[in-house]
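Below: one structure, written as structure tokens.
Numbering (our numbering), first residue to last: 1134 to 1339.
Structure representation (structure tokens):
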């Protein structure tokens, strides 16, 4: 997929104001990547396909989620968390243990006026549980079993887990079924034919 096609996919589904916010966000990431390793240098020229659209494609997959927060575990540079906050009106909770990254996430959200973003500099395991999340995401964080172990306290039977994965998606689902109940579905990524997205619900320990 080309950069133009990636932008066109988003432009066909969201208004100009949200597209402009994504432009601002992408520009911030590119600038800051020269100061800290936010994205691989080899992906700067394909940031829309490799990162922006790769995150945006998750939003329609959780369209049936109920009311509640979207928690992004290991938020890193804001993919998919900041993208989700731009494209939805849902409160997005970015959980990031590294102080420098957490500060950057706060700064970017403030600069873009994203009042629906909350940043916690913490590991998800140490974050107090208030109410169960409607959505949990984690991109390039850990294997499914580890993600469920980290985040299950913040989820209930209705929580939708949306977890981008590479070639290992099916194997990770099989591995997770040994220790976790739930419904699991593997969706093909639109940005990379070798990547998939695991969508899970009703996740609980056996």
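C-beta: ideal position from N, C-alpha, C; glycine also. Being a predicted model, the structure only gives us computed values, none of them experimental.
### Query
So, residue 1220 versus residue 1155, is the Cβ gap smaller than 9 angstroms?
Yes. Within cutoff.
### Query
In chain order, what residues of the same chain lie with their CB nearer than 6 angstroms to the CB of residue 1144, ignoring the 5 residues before and after it?
In its chain, beyond the 5 residues on either side, 1152 have a beta carbon closer than 6 angstroms to the beta carbon of residue 1144.
### Query
Would you call residue 1324 buried or exposed, if buried means 16 or more other Cβ atoms sit within 10 Å of its Cβ?
If you draw a 10 Å sphere on the C-beta of residue 1324, you find 16 or more other C-beta atoms in it, and that means buried.
#### Entry: Cα-Cα separation, residue 1142 to residue 1279
Distance between the alpha carbons of residue 1142 and residue 1279 is about 32 angstroms.
### Query
Curious, which full-length alpha helix (DSSP H) runs of at least 4 residues does the stretch 1136 to 1162 contain?
Along the length of the stretch 1136 to 1162, whole alpha helix (DSSP H) runs at least 4 residues long occupy 1136 to 1144, reported in chain order.
#### Entry: C-beta contact flag for residue 1201 and residue 1208 at 9 angstroms
It is not a contact, given that the beta carbons lie outside the stated cut-off.
### Task
Could you work out which residue in 1293, 1187, 1225, 1256 is closest to residue 1327 when comparing CA atoms only?
Residue 1327 has its Cα closest to that of 1187, out of 1293, 1187, 1225, 1256.
### Task
Quick one: grab the DSSP three-state call for residue 1275.
In the three-state reduction of the DSSP assignment, residue 1275 falls in the coil class.
### Message
With distance defined between alpha-carbon atoms, name the residue in 1234, 1287, 1246 nearest to residue 1263.
### Response
Comparing C-alpha distances from residue 1263 to each of 1234, 1287, 1246 shows the shortest one belongs to 1287.
### Query
Would DSSP call residue 1175 helix, strand or coil?
Three-state DSSP puts residue 1175 in a helix.
### Outcome for residue 1167 when other beta-carbon atoms lying within 10 angstroms are tallied against a minimum of 16
Exposed.
### Query
Tell me which same chain residues have a C-beta within less than 8 angstroms of the C-beta of residue 1310, skipping the five on either side of it?
Same-chain partners within the cutoff: 1317.
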